[in-house]
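If you read the sequence shown in UniProt numbering, its first letter stands for residue 1, the second for the next number, and so on.
By construction, the Cβ of each residue, glycine as well, lies at the ideal position given by its N, Cα and C atoms.
To keep things clear, I will list the structure first and then write my remarks on it.
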Amino acid sequence: MNNGNLLHELYHAVRYDNIGNVESILAQDMSLIDSIHDAVYDEGGLVLVVNASALHTAVLYKRIDIATILLNSGANPNVKDKVGFTPLHYALSKYNANMVMLLLNNGADPNVPSYENCITPLHCVVTYDYYNTDRIELVVSRGGGNIHAQKNNGRTVLHDAAEYGQRDIVEYLLAKNADALLGDNSGKIPAHFAAQYGYKDTVKLFLDKDYNIINLQDNDGQTVLHLAVLRYYAFLNRKPNEEYIRYEERGFSKDERLDALGYSEEWINTMYDHGDIDFSSKNKDGYTVLDLALAIELDLATEHDQHKISKLLQEKRLSWREEVVYNTNKLLLKTAEEKKKISEISEVLEKIISEVLEKTDKEKKVEILEILEKNDNSIDVLFEYWHNLPTEMTNKILHYCDDDTLVEFQHLNKEVMGGCTNS
């Protein structure tokens, strides 16, 4: 019998759990143990394509006794099939804890990438319908799986778990110090995917880990709040954009989609409560989150008026401005007292004097510039003059600042005061 026929016989012996035939065939030709069987079978009209080794087949059909014999006979635990998947890829996809342990105990590597997509066995752990941590814990803790391994699209297991809203897995990975700020090829961090698909509790985990995530932008300039707005309006659209709709939601009726909007205000409030939202942040099309909501609403039918969230976003933006103005006055006072970041802060303050007062109070601008000129443009004099103004006046001036200028103060305030500035 030639090698091709023997390989065919080995495949069937493994598949149908015929241990005697497996041992007999290997006794005839041990070189077949890691050979890739490349064949197509017609099984009652069902076409079955085989491109794998005997060990792959044993794992696929959960033949643990045969897998043990193959490994004890010298089978390579990391042998790759035609696309670069190892037996451990198969075992984790189908998941059989005993088979996974057998492979790991015999040297299977959870970090071997596939040929085309660079998918490691660890990536096979996370699927849209899997919600437990036992598999990933086994591979990471017992097998040494690299939680930062990236597929060819740049995604890690944390990206995948966030996309599927698998809160327990995200929590486990964050506890293992998975990098929540690592972007994929589109610049999206895991929190972007959780926001894009509306997993509020998962986004909250990321914000609890690092509240700065709230303003991080992907390559399209979208923040988590931009993506939450886009998802919200995808549900209102008669032909929802599947990019923002979960797999199980794609068959929703109109009423079911509208019911899903019930969490929108709570969703926005949750993100706002974490603080430091930059309402001036613009995506690549130049839209802030408020601009985005208004632009989308223009395209929606009037029947959806009751579901518009631009009003809520505007309320949050105005609240944000009030907080930043209040914190800015505190910042300027602290700067004068402690001389922290005085150079950077004075630059923004001078911009306010030249730009804002030009529009609102030219006499006040001339008065300040004259005082500065008489004192050789002393920064100390600038701050002293500012603090001699009534609070009502300084608040009024700051309220005339555009969002971008207020964001400059917000960032400086974080550096000087430390921590989160919205509350």
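- In chain order, L92, R135, I136, V139 and V157 place their CB closer than 7 Å to the CB of V125, counting only its own chain and leaving out the 5 sequence neighbours on each side.
- Distances from the CA of L48 to each of K200, L258, H12 and F383 were compared; the closest alpha carbon is that of H12.
- Contact holds between the segment 221-236 and the segment 187-205, because three or more Cβ pairs, one in each stretch, are under 8 Å apart.
- Residue pairing for A39: DSSP places it in a beta bridge opposite V50.
- For A191, the enclosing alpha helix (DSSP H) stretches over residues P190 to Q196.
- Taking all protein chains shown into account, H123 has 16 or more neighbouring C-beta atoms within 10 Å of its C-beta and is therefore buried.
- At the C-beta level, L406 and S280 come within 9 Å of one another.
- A check of alpha carbon separations from E347 across L382, E323 and E249 identifies L382 as the nearest.
- Annotation: the continuous alpha helix (DSSP H) that includes I296 extends over V289 to D299.
- Taking C-beta atoms as the reference points, T127 and A149 fail to come closer than 9 Å.
- Judged by beta-carbon spacing, L290 lies beyond the 9 Å limit of L258, meaning their Cβ atoms are not closer than that value.
- The shortest CA-to-CA distance from D208 to any of Q217, L216, L174 and L55 is the one to L174.
- With contacts defined by Cβ atoms closer than 9 Å, Y211 and D276 form a contacting pair.
- Apart from sequence neighbours up to five positions away, the residues of its chain that approach L294 with a beta-carbon distance below 6 Å are S310, ordered along the chain.
- DSSP, read as helix, strand or coil, puts G20 in helix.
- Contact between E242 and R231 is ruled out by a C-beta separation of about 11 Å, above the 8 Å threshold.
- Proximity of the segment 65-75 to the segment 36-47 falls short of the contact definition, fewer than three beta-carbon pairs being nearer than 8 Å.
- Annotation: L313 to S114 spans about 45 Å, alpha carbon to alpha carbon.
- The distance from the Cβ of K82 to that of I33 is about 17 Å, inconsistent with a contact at the 8 Å cut-off.
- Separation of the CB atoms of K204 and T133 is rounded to 18 Å, and the pair is thereby denied contact status at 8 Å.
- By the Cβ neighbour-count rule, D255 is exposed, with fewer than 16 other Cβ atoms within 10 Å of its own.
- The beta carbons of H274 and I214 sit closer together than 9 Å.
- Relative to the Cα of I64, the nearest Cα in the group E297, Y16 and G198 belongs to Y16.
- With a cutoff of 9 Å on beta-carbon distance, I296 and I352 are scored as not near each other.
- With 16 or more other Cβ atoms from the protein chains shown falling within 10 Å of its own Cβ, A161 counts as buried.
- Just measuring C-alpha positions, the residue of T57, H399, Y197 and V14 sitting nearest E323 is H399.
- Linking W267 to N152 through their CA atoms gives a straight-line distance of about 32 Å.
- When the Cα atoms are used, D403 and R321 turn out to be separated by approximately 8 Å.
- Counted as a single uninterrupted DSSP element, the alpha helix (DSSP H) harbouring S93 occupies residues P87 to K94.
- Counting the other CB atoms within 10 Å of its CB gives A228 a total of 16 or more, which places it among the buried residues.
- Between Y244 and the set E344, A108, L10 and Q196, the nearest pair of CA atoms involves Q196.
- Excluding five sequence positions before and after D168, the CB atoms of its chain that fall closer than 6 Å to its own CB belong to T133, given in chain order.
- Distances from the alpha-carbon of L103 to those of Y130, A75 and K414 put A75 closest.
- DSSP places A149 outside both helix and strand once states are collapsed to three, so it counts as coil.
- Around the beta-carbon of R155, 16 or more other beta-carbon atoms lie within 10 Å, marking it buried.
- Within the model, the alpha-carbon separation for S53 versus G45 is close to 24 Å.
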